[in-house]
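S.K.:
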Amino acid sequence: MDGPDDTGGQDLLGHVLLPVANEEDALRTARALDPYDPARVTALHVVEKGDGVPDKTPVEQSEELAAESYAAVRTVFPDAAEYTAYARDVVEAIFDAADEVDASAIAYQPRGGNRLVQLLSGDLSAEIATDAPVPVIALPRADADE
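Letter by letter, the sequence shown follows residues 106 to 251 of this note's numbering.
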């Protein structure tokens, strides 16, 4: 294809936003992204806020989970930046973070698990893929060959 792309002239893998749910998910997703050799990675952890109700987990616990997730990403991408978002709408938080860090793409790995993990790969993955402000990269699952 000749002509401008949807990344505003940026390389698709120039700056990848990598939403992660927990330490295990972060490591698995970072390893799935690694073969594609992105120039820059920002790990994103969204702390889901309650809508007029107490938060699902205490802030300290959520921040510890985010720190563990970032550390896992850094075992694969030592220079990865981190971005923690606090929001009720996880998809909107991902989009806002992509804009805020000037990401060239959002990369995720389809997977099962808790609400955030399901959100990234389940029913709302269509929303991410179709409404995202930047291209979305669905990474292959490690168990796809099994």
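Backbone N, C-alpha and C fix where the C-beta goes; we use that ideal spot for every residue, glycine too.
Could you tell me which residues DSSP pairs with residue 211 in its beta bridges?
M.R.: Paired residue(s): 122 and 241.
S.K.: With DSSP run on the structure shown, which of helix, strand or coil describes residue 292?
M.R.: Residue 292 lies beyond the stretch modelled for the chain, which goes from 106 to 251, so this question has no answer here.
S.K.: Give me the Cβ distance between residue 208 and residue 121, rounded to the nearest whole Å; I'm assuming they're in contact under 8 Å.
M.R.: 7 Å
S.K.: Reducing DSSP to helix, strand and coil, say where residue 226 ends up.
M.R.: Below a pLDDT of 50, predicted positions are generally treated as unreliable, and residue 226, at 49, falls in that range; the measurement from the model is reported next regardless. In this structure, residue 226 counts as helix in the three-state DSSP scheme.
S.K.: Note down, in chain order, each residue of its chain lying with its Cβ closer than 6 Å to the Cβ of residue 186, except the 5 sequence neighbours on either side.
M.R.: Closer than 6 Å at the Cβ level, and outside the excluded window around residue 186, lie 147.
S.K.: Run the CB neighbour count on residue 133, radius 10 Å, all protein chains shown included, and call it buried at 16 or more, exposed below.
M.R.: Result: buried.
S.K.: Measure the alpha-carbon distance for residue 241 versus residue 195 and round it to whole angstroms.
M.R.: 15 Å
S.K.: Contact check, residue 177 vs residue 128 under 8 Å by CB: the rounded distance?
M.R.: 5 Å
S.K.: For the beta strand (DSSP E) that residue 192 lies in, which residues bound it at each end?
M.R.: 186 to 192
S.K.: Out of 164, 143 and 152, point me to the one whose CA is closest to residue 188's CA.
M.R.: 152
S.K.: Am I right that residue 137 and residue 214 are in contact with their C-beta atoms under 8 Å? What's the rounded C-beta distance?
M.R.: 5 Å
S.K.: Just mark residue 203 as buried or exposed, buried being the case when its beta carbon has 16 or more other beta carbons within 10 Å.
M.R.: buried
S.K.: DSSP three-state label for residue 140, please.
M.R.: For residue 140, the three-state secondary structure derived from DSSP is helix.
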